[in-house]
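For reference, the structure is listed below as structure tokens.
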Amino acid sequence: MSQTLADICRQLRLAHVAEAVQLQKDEHVIHIAEEILNAELEGRKRSKLNKLVHQAMFPHLKTFDGYQYDNIGFPTSCNREKLQSLEWIKKKENVLMLGAVGTGKTHMAIALGVSACQQGIGVQFYRAAELVAILQEKFGQGLLTRFQAKLRKAELLILDEVGYVPFSQTGSELLFNVIADCYEQQSVIVTSNLEFGQWTSIFGDNKLTAALIDRLVHHAHILTFTGDSFRLKEAMNRT
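All letters in the sequence shown, in the order written, are residues 1 to 239 by UniProt numbering.
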């Protein structure tokens, strides 16, 4: 029997179908079966990808096609290839992206999230302020535990735009608990326009901020984004 057909049936968990085709001992039948079952396999993969992308709640879809890396500083622990391999997700490591507004942080975060979905990895995307608002709402409704359980199901949590809006004490504590839950259990991508030394202005409490940063950076690859805003450049080019 064709190894290709055997692999397809194994992935579809159709062992008896594989046996039935093998008994036919007809190459034409095997070829037709391969085409039909491969179409089913590809259809299932597309459905799973669409489901994962939908569940991730990306604000829009981005890929690495045409992405510019010129103004990105990579740490010694990670380069472009390692980043896109997503091996760091399997190791429960984090990626922190720091730099000015409009330098491509969110684009990269979404592109990595989409790539993760393509590999069957569960992703959740939130703007930090939106997540804090949801956490506060769920807390007030007595539904926080259920929502936290939902967050734990994702292998990758993306927190975008940390630093744009300061949080209340309750909001800071709730977000800290999310980060603490992720520590060595899930991977986190954080994008921020602030250096770590400025995060106290967002979270308020020095000790909480230090503890949060400590958990994020312990197993993390920190990327720095420099240069002018891409959006500003595009606007200037249109004038």
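Glycine is no exception: its CB is placed at the ideal position from the N, C-alpha and C atoms.
- Backbone CA spacing between residue 91 and residue 188 [nearest angstrom]: Start at 1 with the first residue of the sequence shown, and residue 91 comes out as number 91. Start at 1 with the first residue of the sequence shown, and residue 188 comes out as number 188. Looking at the two C-alpha atoms, the distance is approximately 11 Å.
- Segments assigned alpha helix (DSSP H), at least 4 residues, entirely inside the region 27 to 57: 27 to 56
- Count the other CB atoms, across all protein chains shown, that sit within 10 Å of the CB of residue 160; report buried if there are 16 or more and exposed otherwise. Against the sequence shown, residue 160 aligns to sequence position 160. So residue 160 ends up on the buried side.
- Sufficient close CB pairs (3 or more, under 8 Å) joining the region 105 to 116 to the region 30 to 48: no
- Item | Residues bridged to residue 191 [DSSP beta-bridge criterion] | Position 191 of the sequence shown holds residue 191. Beta-bridge pairing links residue 191 to 97.
- Three-way DSSP call (helix, strand, coil) for residue 14 in this model: Translated into positions along the sequence shown, residue 14 becomes position 14. Coil.
- Taking the CB atoms as reference points, tell me whether residue 157 and residue 178 lie closer together than 9 Å. Here residue 157 refers to the residue found at position 157 when the sequence shown is read from its first residue. Here residue 178 refers to the residue found at position 178 when the sequence shown is read from its first residue. Yes; because the gap between Cβ atoms is below 9 Å, this pair is in contact.
- Query: How about residue 55 and residue 122: are their beta carbons less than 9 Å apart?
  - Reply: Here residue 55 refers to the residue found at position 55 when the sequence shown is read from its first residue. Here residue 122 refers to the residue found at position 122 when the sequence shown is read from its first residue. Yes, they are a contact pair.
- Task: Measure the CB-CB distance between residue 163 and residue 135 and report whether it falls below 9 Å.
- Result: Residue numbering aside, residue 163 sits at position 163 when the sequence shown is read from its first letter. Residue numbering aside, residue 135 sits at position 135 when the sequence shown is read from its first letter. Result no, Cβ atoms of residue 163 and residue 135 do not sit closer than 9 Å.
- Residues bridged to residue 158 by DSSP? Along the sequence shown, one-based indexing puts residue 158 at 158. BP columns for residue 158 point to 125, 189.
- Item | Three-state secondary structure (DSSP) of residue 64 | Translated into positions along the sequence shown, residue 64 becomes position 64. Reduced to three states, the DSSP call for residue 64 is coil.
- Message: Let me confirm a value: residue 226 is counted as buried when at least 16 other C-beta atoms fall within 10 Å, else exposed. Which label applies?
- Response: Translated into positions along the sequence shown, residue 226 becomes position 226. Looking at its Cβ environment, which holds fewer than 16 other Cβ atoms inside 10 Å, residue 226 is exposed.
- The alpha helix (DSSP H) with residue 106 in it runs from where to where? Along the sequence shown, one-based indexing puts residue 106 at 106. It spans 105 to 118 - the alpha helix (DSSP H) in which residue 106 sits, taken as one unbroken run.
- Item | Backbone CA spacing between residue 200 and residue 105 [nearest angstrom] | As a first step, residue 200 must be located in the sequence shown, where it is residue number 200. As a first step, residue 105 must be located in the sequence shown, where it is residue number 105. Taking the straight line joining both Cα atoms gives about 21 Å.
- Message: Tell me which residue opens and which closes the alpha helix (DSSP H) that residue 224 is part of.
- Response: Mapped onto the sequence shown, residue 224 falls at position 224. Note, residue 224: premise wrong, no alpha helix (DSSP H); beta strand (DSSP E) at 220 to 225.
- Message: Please state the DSSP three-state secondary structure of residue 73.
- Response: The residue given as residue 73 occupies position 73 in the sequence shown. Residue 73: strand per DSSP, three-state reduction.
- Task: Rounded to whole angstroms, what's the CA-CA distance from residue 140 to residue 68? Just pull it up for me.
- Result: On the sequence shown, residue 140 is found 140 positions in, with the first residue counted as 1. On the sequence shown, residue 68 is found 68 positions in, with the first residue counted as 1. Straight-line Cα distance between these residues: approximately 43 Å.
- In angstroms with no decimal places, state the Cα-to-Cα distance between residue 17 and residue 7. Position 17 of the sequence shown holds residue 17. Position 7 of the sequence shown holds residue 7. Answer to the nearest angstrom: the Cα atoms are 12 Å apart.
- Message: Could you check whether the region 208 to 222 touches the region 86 to 103, counting it as contact only if at least three pairs of C-beta atoms, one from each stretch, sit closer than 8 Å?
- Response: yes
- What residue range is occupied by the uninterrupted alpha helix (DSSP H) comprising residue 148? To locate residue 148, count along the sequence shown from 1; it is residue 148. Counting along the chain, the alpha helix (DSSP H) containing residue 148 begins and ends at 144 to 153.
- Kindly list the residues whose CB is nearer than 7 Å to the CB of residue 182, restricted to its own chain and excluding five residues on each side of it in sequence; keep chain order. Here the question's residue 182 lines up with position 182 in the sequence shown. Closer than 7 Å at Cβ, skipping near neighbours: 157, 188.
- Which residues in the same chain as residue 215 place their Cβ atom closer than 7 Å to its Cβ, once the five residues preceding and following it in sequence are excluded? For the purposes of this step, residue 215 is taken as residue 215 along the sequence shown, with counting starting at 1. Counting only Cβ-Cβ distances below 7 Å, and skipping sequence neighbours, we find 179, 180, 183.
- Query: Any Cβ of chain C within less than 9 Å of the Cβ of residue 184?
  - Reply: Within the model displayed, chain C is absent; a lone protein chain is all it includes.
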